[in-house]
Structures are given as structure tokens and as C-alpha cells.
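Below is one structure, written out as C-alpha cells; the observations come after it.
Number of protein chains: 2
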Amino acid sequence: MKILVIGGQGTIGQRVCAAFRQRGHAVVVAGRNSGDVQVDISQPASITAMFTSTGMVDACICTAGTGYYGPFETMTSAMMMPGIEGKLLGQVNLVLLGKTWLQEGGSFTLTSGIAAQHPARNGTCVAMLNGAVNSFVLGAAQELKGQRRINAVSPGLVEDSKDRYGAFFPGYNLVPMDKLVNAYILSTEGAVNGQILKVYS
Amino acid sequence: MKILVIGGQGTIGQRVCAAFRQRGHAVVVAGRNSGDVQVDISQPASITAMFTSTGMVDACICTAGTGYYGPFETMTSAMMMPGIEGKLLGQVNLVLLGKTWLQEGGSFTLTSGIAAQHPARNGTCVAMLNGAVNSFVLGAAQELKGQRRINAVSPGLVEDSKDRYGAFFPGYNLVPMDKLVNAYILSTEGAVNGQILKVYS
């Protein structure tokens, strides 16, 4: 398979790319400032340019996108906009604009997160974004044609993020990277559709 | 209690207002073009003006806001923006801007919908908005201070919308209006916090 991984140089993306390469797939890495092709998913024109560059793909995985973390007391909707334009509408546009670049039988795999169900302190914006991605996937899975599929992987606090983000998630169990990567493999190589693959417990 | 109902002249809002009046509460109706006070929830300045007009309230209920319904094939993120600015960020801003206008022990009740979990055909945008509202409520419920509470009511296809929307929801069970109104009463007069009150089965 030819697999496009957006955010392929991020914490999760690197592991995902390595796993699919090891499984014999051709991986195209898309990143904001690095990778095989550059893309800013918050810009629809940039997404279209990316697909024009890659051509048809068998699978499209997105591990890119983040959102505002900070005190609820002083949060404004303006602070939420970069996350809405990136992690939410960026992933939405990967599907809306990318569906004609996805081979029949191919799959999209988006990334949401545990906050949709169990937000941490200061994480209400990210919760909102993740909940939105999950429900978008439920709708889109019913609408895609030609046996195309879509799922969301919803990671908890992953091992590789422990040093960087662990302090913000007291009491969250660490998710082994192999277990997380397996969810992307299940979504891409399996037959599941419209699933929120929760990788936490 | 002094209860502010935004969207109080809509299909659901009218029933909610009537029920709370019957229960002896003072109801202030806010609407885009009618009611006791006018508000456009997509405009933060309009929300602040509304609360300046009403003064402190014991409860704030929002039944306003809608989102794009239409073919997935041709949907663009631009078509989703009015719903994001209204039903999503409008309700978010009612909380972020309104929390200082809510008495201690008071409650917010937002409205999401069945699409968050069971989207209908053409309803992927609304699914996304509803999922976002639900997860926002989970986060905000942890953050509000002074015993303030927040819940979402998530209605299915309601009886009063049967003629207008029934054709778009084949196989969806009709929800009796009394059952729906009870969820708003539970959220407002009860002690529940951070709940998604699903009024469908």
C-alpha cells in the first residue's frame, strides 16, 4: 500500500511510519516543515497541493494537530480558533478534499484523543476538538463511497509523551507505543469503519 | 429562580419556557429577533450585551443554534462555519462569557443532539457540532467554580419537529416533548453536573 502519513515526523507519527515501513508499505511523510511533502492542514489549498503532489494513495493517516491547553477561567473562543482550524477542520478537510485522492477500498485514519471522554484540567478546548473529530468520523463513515473507510484513533497519554506532557495528566495511565501503533494498523489494514479506536483504559 | 432561555421562541425553547413558568420560575426569553432580549450567539459582543441587560441569572439554558445539513459529497468546511460560529462557539461563549453572570450554584444547560452518536444521512456537520458540545461540557463541568454546574441535553427527533424534519430521519423514534423538557428541568433544578442527558433510545 501507498500510505500518506500527515504529521509523520511527530511523536506518534514517527512510530506509525516506522511500523508501516516494516510491514512493507510505501510511506509518504507529510509535515509542516519537513517530510517528503509539505502541508499546512489548516489551509485547504495546501491540502489540495499535497494530494496533487502525492497522487492517489491507498491510505491517509493524520497524526497532526493540537489545541489550546490553559486555564478555563481566562480562555476565550479566539484561543480555540487555531485548534478548530487545524486539528478539527484540518482533519475534516483531509477527508472532504482528499476523498477523491483515496483509492477505492482505501481508508482515512484521523486522530482524536482521550480528552473527548476524560478531559484533564485545562483541557476543555482539546476535549471539544476531540469530541468533534469522533462524531465527524461517525457521520463520514456512512457517507464515503467505493468501500472507502474512516476511523479515529483516540490515544490516551502515550509513553513517548510522558516527559513532555505527563505532568499535565496526573493519574492517566501510560499507553505503550506498540498498542497505539496497532490501532493505526487495525484502521488501515483491517476492515473496520466508523470506529473510534480508544487506546486507553 | 431567574432562568434565561436563549432560543426561547424556537420549537424546543417554547416548551422549555412554558414548563419553567408553570413551575413558578421567572423566565427571560432571549432570541435573535424576538423575546425579552435580543442576542446573536455567534457574536461574543452580543452575548455580553445580553447579560448586561439581564443581569445575574440563576440558570442559563440554550436551545438555539443549528448546523449544515446536506450532501457529504459536496460539503466544504466553509459550509460548516456558520454552525461552528453559532451552535458550537455560540454555546461555548455563553459559558465562557456568561459564567460571571451566573449566580453561585447556578447552572448552564446547552443543547447538542442525537447526531453526536447516531448521525443521519447528510448530517455529518451536525454530528461534529454535537460531539464538540458534549465534550466541551465534560471539560467545563470540571472547571466551573462556586458550585456552578453545566450539562448538555441531547435530543433525538422530537415530536414537535416531526412535520418539519421527520423525512430526514427515517427510523428515528419520536421523542415526546414532555420527556425532553424533563431533561432541561433535571439539569436546571437537579444536582447533576457534567452529564450528557440523552433524550432518545
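Line by line, the protein sequences are chains A and B.
The first sequence begins at 0 in numbering that gives the first Met the number 0 and counts up by one.
The second sequence begins at 0 in numbering that gives the first Met the number 0 and counts up by one.
Beta carbons are placed, not taken as given, at the ideal position from N, Cα and C, and that holds for glycine.
Asked                                                                                                                                                                           : Found
Excluding the 5 residues flanking Ala140 (chain A) on each side, which residues of the same chain have their C-beta closer than 6 Å to its C-beta?                              : Ile149, Asn192 and Gly193
Whole beta strand (DSSP E) runs in the segment 89–149 of chain A with 3 or more residues, listed along the chain?                                                               : 101–110
Does DSSP put Ile40 (chain A) in a helix, in a strand, or in coil?                                                                                                              : coil
Quick check on the DSSP output: the beta strand (DSSP E) that includes Asp57 (chain A) runs from which residue to which?                                                        : Val56 to Cys61
Quick one: what's Leu3 (chain A) bridged to in DSSP?                                                                                                                            : A:Val27 and A:Cys59
Is Gln141 (chain A) close to chain B? Criterion is C-beta to C-beta, closer than 8 Å.                                                                                           : yes
So, Ile5 (chain A) versus Val38 (chain A), is the Cβ gap smaller than 8 Å?                                                                                                      : yes
Identify whether Ile190 (chain A) lies in helix, strand or coil by the three-state DSSP scheme.                                                                                 : In the sequence as displayed, the identity of residue 190 (chain A) is Ala instead of Ile. Here Ala190 (chain A) sits in coil by DSSP.
Looking at the structure shown, is Gly82 (chain A) part of a helix, part of a strand, or coil, going by DSSP?                                                                   : helix
Using the beta-carbon of each residue, which ones in chain A are nearer than 8 Å to Leu196 (chain B)?                                                                           : Result: empty, since nearest Cβ-Cβ is about 16 Å, beyond 8 Å.
State the CB to CB distance for the pair Lys86 (chain A) and Leu128 (chain A), rounded to an integer number of angstroms; the pair is presumed to be in contact (CB under 8 Å). : 5 Å
Could you spell out where the alpha helix (DSSP H) holding Val15 (chain B) opens and where it closes?                                                                           : Thr10 to Gln21
Tell me the DSSP secondary structure of Leu173 (chain B) in three-state form.                                                                                                   : coil
How about Lys98 (chain B) and Leu137 (chain B): do their beta carbons lie closer than 8 Å?                                                                                      : no
Between the beta-carbon of Ile2 (chain A) and the beta-carbon of Thr62 (chain A), is there less than 8 Å?                                                                       : no
Taking a Cβ distance cut-off of 7 Å, strictly less, list which residues of the segment 63–76 of chain A are near chain B, in chain order.                                       : Phe71, Met74, Thr75 and Ser76
Return the first residue and the last residue of the beta strand (DSSP E) that Val198 (chain B) is part of.                                                                     : Ile195 to Val198
State the Cα-Cα distance for the pair Lys178 (chain B) and Gly170 (chain A), rounded to the nearest angstrom.                                                                   : 38 Å
Would the segment 149–161 of chain A count as touching the segment 102–112 of chain A if we require 3 or more Cβ pairs under 8 Å?                                               : yes
Name the residue from B:Asn92, B:Ser106, B:Tyr164 and B:Leu101 whose alpha carbon lies nearest to the alpha carbon of Gly121 (chain B).                                         : Checking the sequence, you will find Asn at residue 121 (chain B) rather than Gly. Out of B:Asn92, B:Ser106, B:Tyr164 and B:Leu101, B:Tyr164 has the C-alpha closest to the C-alpha of Asn121 (chain B).
Counting contacts by CB-CB distance shorter than 8 Å, is Ile83 (chain A) in contact with chain B?                                                                               : yes
If you draw a straight line from the alpha carbon of Phe19 (chain A) to that of Val132 (chain A), how long is it in whole angstroms?                                            : 24 Å
Since Ser134 (chain A) and Gly130 (chain B) are thought to touch, with beta carbons under 8 Å apart, how far apart are those beta carbons, to the nearest angstrom?             : 3 Å
Name the residue from B:Ser106, B:Glu103 and B:Met176 whose alpha carbon lies nearest to the alpha carbon of Ser160 (chain B).                                                  : B:Met176
Going by DSSP, what residues sit across from Ala151 (chain B) in a beta bridge?                                                                                                 : B:Leu109 and B:Ile195
For a cutoff of 8 Å on Cβ pairs, would you count Gly130 (chain B) as touching chain A?                                                                                          : yes
Find the nearest neighbour of Phe201 (chain A) within the set A:Tyr67, A:Val28 and A:Tyr183, judged by alpha-carbon distance.                                                   : What the structure shows of chain A is the stretch from 0 to 200, and residue 201 (chain A) is not part of that stretch, so it cannot be assessed.
Exposed or buried, Asn172 (chain B), counting other C-beta atoms within 10 Å across all chains shown (16 or more means buried)?                                                 : exposed
Listing by chain order, which chain B residues have their CB less than 8 Å from the CB of Ala126 (chain A)?                                                                     : Ser134, Phe135, Leu137 and Gly138
Could you tell me whether the Cβ of Arg120 (chain B) comes closer than 8 Å to any Cβ of chain A?                                                                                : yes
Just to confirm, are Ile60 (chain A) and Tyr183 (chain A) a CB contact at a threshold of 8 Å?                                                                                   : yes
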